[in-house]
Amino acid sequence: MARLRRMANRALNIQPAPFVASKAPSHFPPTSPNALEEMIQRLLAGQLRWGKRSLSDKTNDLEALIPRIADAAFDWVAAAIRAKGVPEGSSGEGEEWVSGPWALIAGLKATTKTLRAIAAGEDPIPANRVHTRNDGQLTIDAYPTTFYEKILLNGFSAELWMEPGITRDDLQDKVAIHLQPSATPPDRIAAVMGAGNIASIAPLDVLYVLAAENRVAICKLNPVNEYLGPIFARIFAPMIAAGFVEFAYGGAEVGESLVRDARVGFVHITGSGKSHDAIVWGTGAEAEARKARHQPLLDKPIASELGGVGPTIVVPGPWSDADIAFQAEHIASQKLHNAGFNCIASQILVLHKDWTLREKLLEAVESTVRAVPGRPAYYPGAAARQEDAVAHCSGAVVLDQQAKRTRIPNLKPQGNDWPFQSEFFGSVWGEVSLEAEDAASFLDAAVDFANDRLMGTLGAQILIHPQTIKELGDRFEEAIKRLRYGTIGINAWSGIAFSMAYAPWGAFPGHTLEDVQSGRGKVHNAYLLEGTERTVVRGPFAPFPRTMTNGQMHTSPKPLWFVTNKSAAQLGKLLCDFEAKPSLWKLGPLLASALRG
């Protein structure tokens with residue numbers, strides 16, 4: 002093991018003690034009105050230059066950020082694990098590598114590849130990646146798209162579904178609509194309200210605004226992770242100097258000043274529905290009156306990603322003891338990743354009431370959660386949200402008071418609305434069991450329950466044995482189509498689509514400003530497509546080599562994002578370095594590290 006670590010460090014040119022960044026301040030003073038005004042003035046001048054800039058030059062500007070991210074990656078991860086209280090070398094450190102610099106590099110590479118193809122007069126979507134389902138709905142392969150991706154996440158795939166009615170002939174008009182020759186460059190800038198949980202969200206949202214909206218951006222960082230501001234400024238220094246990007250600090254008052262400014266023509270927010278509604282409608286009785294009149298306070302477009310109550314549907318089947326143990330780790334990871342502070346975290350476990358293995362799986366999940374080392378509940382309000390869950394739900398079981406890990410068993414599907422309409426945003430989950438005659442009728446009932454009873458449509462999971470998929474046949478694909486979520490994971494956590502750059506990320510389309518649920522619009526989406534409906538991620542039911550017994554041929558070991566992965570930290574470093582500069586020579590240490598997980 003020590004030898005493998007030394008090999009990996011040599012591949013990365015890592016010194017034995019890599020974390021050298023000085024501790025970031027715990028709080029930055031809010032950006033002053035005068036400083037905001039100066040930023041806006043610089044961006045307005047920059048918007049004129051960005052709008053006239055050729056696609057090739059824009060692509061070069063963005064590609065130049067990749068080595069800067071790689072250079073700042075250690076400092077970025079070091080700052081994050083210190084702020085969150087994550088031990089160095091733990092799976093939590095691995096999470097920061099993957100959801101931080103690695104995700105941003107992957108997003109930049111995919112987006113610039115699309116821009117470069119458009120600049121060269123080529124179709125950025127290869128014809129062999131476009132398919133038509135039996136029902137006529139168009140799908141596009143979003144993962145894997147390269148030889149290396151096929152190796153690194155072997156057995157995983159993702160497809161994006163276009164909205165019904167869109168045809169192959171329509172696709173060309175759906176790509177990068179704000180960059181097409183007929184489009185008029187906007188003269189107003191964008192304001193991005195950054196998220197406080199996952200480190201790469203804010204810079205990825207800035208990237209999307211630059212590429213898809215053709216706008217320069219001011220990003221107000223969330224006070225929870227504003228310690229990353231100096232690192233982002235270091236990465237984006239050339240874009241800041243050119244007047245294309247700015248980063249601001251502060252709370253709601255700074256955000257309010259930005260979104261109301263007449264020179265801001267577009268707003269993107271990642272956060273809560275409450276924050277979104279305060280921006281769009283205001284607060285109090287006056288806001289409710291505006292909603293009733295359909296007269297929003299905000300008079301400009303706003304895109305949003307707002308979370309929700311995500312389900313994990315467990316379809317009964319011939320699971321072995323090893324299957325139960327593996328999927329218990331899978332379920333625990335869907336909840337405990339980033340200490341539960343994910344908008345895409347699973348919140349409600351949906352099971353068949355009469356499945357003979359139901360209790361065995363639930364016991365395995367609880368045992369796994371208890372065994373995972375505790376982490377600080379670092380995000381503000383975690384304690385209050387956990388206390389609310391305990392108060393609203395009888396029978397709640399607190400598994401770890403410090404980490405706020407709480408299980409709520411035996412929820413009634415038609416009973417208390419609170420756990421189905423309130424996002425816990427922490428290490429709390431509920432369990433509900435449905436009555437059904439067989440696996441097929443259970444899956445139908447589970448889809449109805451998720452669609453009709455749960456708030457939000459950001460992400461959902463279905464865990465199902467390959468033999469059961471075969472037995473269900475077309476009925477299984479029909480269930481996927483009926484499940485109204487922006488990302489659906491089949492034997493995969495839907496959260497991994499966040500790092501699959503071509504996969505659109507956001508709620509299922511159709512929410513209104515009055516009832517925004519999980520938000521409106523998409524980000525990531527490196528094909529820069531309008532009219533996307535959902536992303537469907539498919540993964541292996543079991544890890545290599547055991548999966549060979551159920552007919553799934555792949556070589557994926559325990560996934561990197563599992564909170565039980567022992568090599569996640571080292572693997573995350575290697576993946577980040579590999580993404581920045583791929584090489585066959587780097588695959589050996591990377592695969593060796595993966596097999597140790």
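Each residue of the sequence shown is one higher than the one before, starting from 2 at the first, in our numbering. In this text, a Cβ means the ideal position worked out from N, Cα and C, and glycines have one as well. Every value quoted in this text rests on a predicted model; they were computed, and no experiment measured them.
Close Cβ partners of residue i (< 8 Å) along its chain, the five nearest in sequence each way excluded
i, result
"H466", "V316, G318, P319, W320, D324, F542 and N551"
"H28", "P224 and E227"
"V215", "Residue identity differs from the one stated: residue 215 is Asn in this sequence, not Val. The answer, listed in chain order, is W51, G52, H179, L180, A184, P186 and P187."
"V373", "A333, L337, V564 and T565"
"N417", "H393 and C394"
"Q518", "G274, L307, G309, M456, G457, T458, A508 and H512"
"T133", "L139, T140 and R169"
6 Å CB neighbourhood of residue i in its chain, flanking five on each side removed
i, result
"P377", "G86"
"A157", "The sequence given here has Phe at residue 157, not Ala. Cβ neighbours of F157 beyond the five flanking positions: G540."
"P145", "K151"
"G230", "L222 and F248"
"A570", "G90, E94 and G95"
"S434", "L352 and K354"
Exposed unless 16 or more other CB atoms sit within 10 angstroms - verdict on residue i
i, result
"Q462", "buried"
"G244", "buried"
"D76", "buried"
"R535", "buried"
"Q335", "buried"
"E39", "exposed"
"G122", "exposed"
"G520", "buried"
"Q328", "buried"
"N343", "buried"
"K354", "exposed"
"K413", "exposed"
"G522", "buried"
For residue i, the first and last residue of its enclosing alpha helix (DSSP H)
i, result
"P231", "G230 to I236"
"R43", "P34 to K53"
"F245", "Run containing F245: none; DSSP gives neither H nor E here."
"E306", "First-last for E306: I303 to E306, but that is the beta strand (DSSP E), not the alpha helix (DSSP H)."
"H132", "Per DSSP, H132 belongs to no alpha helix (DSSP H); it is in the beta strand (DSSP E), V131 to T133."
"E123", "Per DSSP, E123 belongs to no alpha helix (DSSP H) and is neither H nor E."
"Q296", "No alpha helix (DSSP H) contains Q296, which DSSP labels as neither H nor E."
Under the three-state DSSP convention, the category residue i falls into
i, result
"N198", "coil"
"L139", "strand"
"Y149", "helix"
"M163", "strand"
"N226", "helix"
"K221", "strand"
"Y209", "helix"
"N61", "helix"
"P30", "coil"
"T115", "helix"
"A498", "helix"
"V281", "helix"
"E89", "coil"
"W320", "coil"
"A191", "strand"
"S594", "helix"
"P505", "strand"
"G95", "helix"
"S100", "helix"
"G490", "strand"
"S368", "helix"
"S584", "coil"
"S276", "helix"
Neighbourhood of residue i by C-beta, 7 Å cutoff - its chain only, sequence neighbours within 5 removed
i, result
"W282", "A288, R291, K292, P297 and L298"
"P583", "Y149"
"A1", "Coverage of the chain is limited to positions 2 through 598, which leaves residue 1 absent and any answer about it impossible."
"W356", "P317"
"I232", "A73, D76, W77 and A80"
Residue range of the beta strand (DSSP E) that includes residue i
i, result
"G266", "V265 to T271"
"G431", "V429 to L435"
"P410", "R406 to L412"
"D401", "V398 to D401"
"G311", "G311 to V315"
"G256", "No beta strand (DSSP E) contains G256, which is instead part of the alpha helix (DSSP H) from A253 to R261."
"I178", "Looking at the DSSP string, I178 is not in any beta strand (DSSP E), and its letter there is neither H nor E."
(message) Please give me, in chain order, every unbroken run of the beta strand (DSSP E) with length at least 3 that falls completely inside the segment 510-579.
(response) 533-539
(request) Identify every run of the alpha helix (DSSP H) within the segment 330-359, keeping only runs that are complete inside it and at least 4 residues long; order them along the chain. (result) none
(request) Could you tell me which uninterrupted beta strand (DSSP E) segments, each at least 3 residues in length, are contained entirely in the segment 443-483, listed from first to last along the chain? (result) 460-464
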